[in-house]
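> Just so you know, we're using our numbering here: the sequence shown kicks off at 489 and counts up by one. Ideal Cβ placement from N, Cα and C applies to all residues, glycine included. Bear in mind the structure is a predicted one, so any value in this text is a computation, not a measurement. Next up is a structure, given as structure tokens.
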Amino acid sequence: MNTKIIRMDNDNINSKVIAEAGNAIKSGGLVVFPTETVYGLGANACDGEAVKKIFLAKGRPQDNPLISHIADFESINEIALEVPEIARKLAERFWPGPMTLIMKKKPIISDITSAGLKSIGIRMPSNIIAREIIKASGVPIAAPSANISGRPSPTDIERCVEDLNGKVDYIIGGEQCTFGLESTVIDCTVSPICILRPGAITLEMIKEIDSNAYIDPAIMKKPESDFKPKAPGMKYKHYSPKADVKIIEGDLQKTIEKINEMVQNYIDDGKKVGVMATDETMNSYNNVKVISLGSRKDMYSIGKNLFETLRSFDDSNMDIILSESFAEKGFGVAIMNRLNKSAGFDIIKA
Ligand code: TXA
Ligand code: MG
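In structure tokens form, the structure reads like this:
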């Protein structure tokens with residue numbers, strides 16, 4: 489397939505291209521587009537045959553449901569069977585933005601999109617290109633992250649090209665995604681509401697709407713432990729670069745010492761090793777490639793750069809990536825969730 493790759497910035501949108509992309513979706517095609525979380529791989533959520541192509545292009549397990557993206561509040565009523573009061577409140581507060589709400593679905597959404605479930609995830613993104621493409625298509629757009637299944641999600645158009653060139657009709661975008669981690673997924677079919685996947689809309693923020701909200705305890709645990717996560721997608725190995733990721737956990741000074749010691753051992757074994765550090769610590773490591781995720785004072789910078797940093801270590805063919813860890817509060821919960829999964833929960837005490 490000949491993929492049209494079109495670069496544009498959020499403040500310089502080519503409306504002819506947007507119209508073409510909308511048409512491609514409407515007529516059963518696949519379009520990669522930017523969102524404020526990660527890049528998405530979209531198809532018409534009402535068209536089962538089109539959605540099947542997403543699973544094929546990504547190599548995604550068929551039992552993992554997709555999120556349907558909408559451009560305005562009214563569209564919820566067209567695809568959700570009922571909209572619980574709490575979902576309406578969350579939507580009013582946090583949409584458009586990095587939050588997905590699980591509700592009962594109407595039959596208009598294909599069963600392929602929901603992977604046979606009676607519920608769907610709905611999200612109204614804030615990214616202007618995403619919204620314009622949804623509007624131009626005139627349909628809800630089913631879109632998982634635009635990566636080959638298992639790899640770190642793409643936050644940059646070049647990573648989408650790397651994974652999906654030749655497999656989709658359009659790849660559109662330009663700017664690095666604002667948040668860099670996928671949306672917070674909240675199950676609104678249960679009471680109290682339950683966070684199935686942590687993201688930039690944090691537990692602390694959600695508790696302002698429902699003080700009983702909680703995070704599915706299974707998601708911070710190893711997949712083979714007794715708990716089974718409620719979101720089908722959270723059980724898979726995910727976000728994995730080719731290199732082996734190991735997380736070093738503990739007091740920061742001890743972490744630095746432990747990482748330096750491990751680096752030396754790996755080098756002695758003839759391994760290529762990299763360190764994922766922060767602005768505050770990056771000068772404390774010796775004889776090793778170090779990439780800073782950002783400042784510990786700004787957790788949003790850490791989240792924004794996490795997936796891209798994992799992928800850039802792969803570009804330099806690392807065998808091992810050693811990462812510092814972060815406090816599990818606020819956006820740190822989402823960061824540690826993705827980091828733990830990318831490391832297959834290989835956590836070493838400093
Ligand atoms: O930020 C995002 O959400 C990005 C951008 C493109 O919008 N999309 C994304 O989609 O991350 P995906 O397919 O990679 O992740 C969807 C997650 C999976 O963990 C899936 O299992 C869960 O949402 N999910 C979707 N529908 C669900 C449902 N009906 N019940 C429970 N979990 C659901
Ligand atoms: Mg994904």
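1) Work out the CA separation of Met612 and Ser598 for me, nearest whole Å.
2) Are there three or more Cβ pairs, one per stretch, closer than 8 Å when the region 559-569 is compared with the region 585-595?
3) Tell me which residues share the same chain as Lys540 and place their Cβ nearer than 7 Å to its Cβ, disregarding the 5 neighbours each side in the sequence.
4) Looking at C-alpha atoms only, which residue of Thr797, Asn748, Tyr658, Thr743 is the closest neighbour of Ala839?
5) Please name the residue, chosen from Asp802, Lys577, Gly585, that lies closest to Ala731 on a Cα-to-Cα basis.
6) Going by DSSP, name the residue or residues bridged to Ala719.
7) May I ask you to report which of helix, strand or coil DSSP gives Ser658?
8) If you drop the 5 nearest sequence neighbours on each side, which residues of the same chain put their C-beta closer than 7 Å to that of Pro586?
9) Going by the CB atoms, is the gap between Leu529 and Ile513 shorter than 8 Å?
10) Would you mind stating whether Pro628 and Ala533 have Cβ atoms separated by less than 8 Å?
11) Exposed or buried, what is Met806 when buried is set at 16 or more other beta-carbons lying within 10 Å of its beta-carbon?
12) Is Ser602 close to the ligand MG? I mean its beta-carbon at under 7 Å from any heavy atom of the ligand.
13) In this structure, how does DSSP classify Met764 when only helix, strand and coil are distinguished?
14) Closer than 7 Å: is that where the CB of Ala719 sits relative to any heavy atom of the ligand TXA?
15) If you follow the alpha helix (DSSP H) that Asn748 is in, where does it begin and where does it stop?
16) Looking at C-alpha atoms only, which residue of Asn700, Ser556, Leu684, Glu580 is the closest neighbour of Pro720?
17) At the level of alpha carbons, what is the spacing between Ala630 and Phe582?
18) Any heavy atom of the ligand MG closer than 7 Å to the CB of Pro632?
19) With Ala684 as the anchor, note down where its beta strand (DSSP E) starts and where it stops.
20) Just checking Glu737 against the ligand MG - is the residue's beta carbon closer than 7 Å to any of the ligand's heavy atoms?
21) When DSSP labels each residue in this structure, what does Met708 get in the three-state scheme?
22) For a test of your reading of the model: does the CB of Gly661 fall under 7 Å from any non-hydrogen atom of the ligand TXA? Yes or no.
23) Among Ser556, Gly516, Glu816, Ile790, which residue has its Cα nearest to the Cα of Cys665?
24) Can you tell me the Cβ-Cβ gap for Ser783 and Glu768, rounded? I've got them flagged as a contact below 8 Å.
25) Examine the ligand MG and report whether any of its heavy atoms sits within less than 7 Å of the Cβ of Ser641.
Taking the geometry as given:
1) Position 110 of the sequence shown holds residue 598. Position 124 of the sequence shown holds residue 612. Whole-angstrom Cα-Cα distance: 19 Å.
2) yes
3) Along the sequence shown, one-based indexing puts residue 540 at 52. Ile600, listed in sequence order.
4) In the structure displayed, the chain extends from 489 to 838; residue 839 sits before or after that span and is not available.
5) Residue mapping note: residue 731 aligns to position 243 of the sequence shown, counting from 1. Nearest to Ala731 by C-alpha distance, out of Asp802, Lys577, Gly585, is Asp802.
6) As a first step, residue 719 is located in the sequence shown; it is residue number 231 there, counting from the start. DSSP lists no partner for Ala719.
7) Your numbering for residue 658 matches position 170 in the sequence shown. Sequence inspection shows Tyr at residue 658; the Ser mentioned does not correspond to that position. DSSP places Tyr658 in strand when its eight states are reduced to three.
8) In the sequence shown, residue 586 corresponds to position 98, counting from 1. Glu524, Thr525, Phe667, Ser671, Thr672, Gly687, Ala688, Ile689, listed in sequence order.
9) Within the sequence shown, the letter at position 25 stands for residue 513. Within the sequence shown, the letter at position 41 stands for residue 529. Cβ distance not < 8 Å, so Ile513 and Leu529 don't count as in contact.
10) On the sequence shown, position 140 is the one that residue 628 refers to. On the sequence shown, position 45 is the one that residue 533 refers to. Going by C-beta atoms, Pro628 is nearer than 8 Å to Ala533.
11) Walking along the sequence shown from the start, residue 806 turns up at place 318. Answer is buried; the Cβ neighbour count reaches 16.
12) Working through the sequence shown from its first residue, we reach residue 602 at position 114. Answer for Ser602: no, Cβ out of range of the ligand MG.
13) Position 276 of the sequence shown holds residue 764. If DSSP states are grouped into helix, strand and coil, Met764 belongs with the strands.
14) Reading the sequence shown from its first residue, position 231 is the one you call residue 719. Result yes, Cβ under 7 Å from the ligand TXA.
15) By 1-based counting over the sequence shown, the position of residue 748 is 260. Segment 740-756, the alpha helix (DSSP H) holding Asn748.
16) For the purposes of this step, residue 720 is identified with residue 232 of the sequence shown, where counting begins at 1. The residue with the shortest Cα to Cα distance from Pro720 is Leu684.
17) Numbered from its first residue, the sequence shown carries residue 630 at position 142. Numbered from its first residue, the sequence shown carries residue 582 at position 94. Cα-Cα distance, rounded: 20 Å.
18) The residue you call residue 632 lines up with position 144 of the sequence shown. Because some heavy atom of the ligand MG lies under 7 Å away, the Cβ of Pro632 counts as near it: yes.
19) For the purposes of this step, residue 684 is identified with residue 196 of the sequence shown, where counting begins at 1. A small correction: the amino acid at residue 684 is Leu; Ala does not occupy that position in the sequence shown. First-last of the beta strand (DSSP E) with Leu684: 682-685.
20) The residue labelled residue 737 in the question sits at position 249 within the sequence shown. Checking the Cβ of Glu737 against the ligand MG gives no.
21) Within the sequence shown, residue 708 is the residue found at index 220, counting from 1. Here Met708 sits in helix by DSSP.
22) For the purposes of this step, residue 661 is taken as residue 173 along the sequence shown, with counting starting at 1. Gly661: no, Cβ never under 7 Å from the ligand TXA.
23) Numbered from its first residue, the sequence shown carries residue 665 at position 177. Looking at the Cα atoms, Ile790 is the closest of the given residues.
24) By one-based count along the sequence shown, residue 783 stands at place 295. By one-based count along the sequence shown, residue 768 stands at place 280. Their Cβ separation, rounded to whole angstroms, is 7 Å, which keeps Ser783 and Glu768 in contact under 8 Å.
25) Residue mapping note: residue 641 aligns to position 153 of the sequence shown, counting from 1. Checking the Cβ of Ser641 against the ligand MG gives yes.
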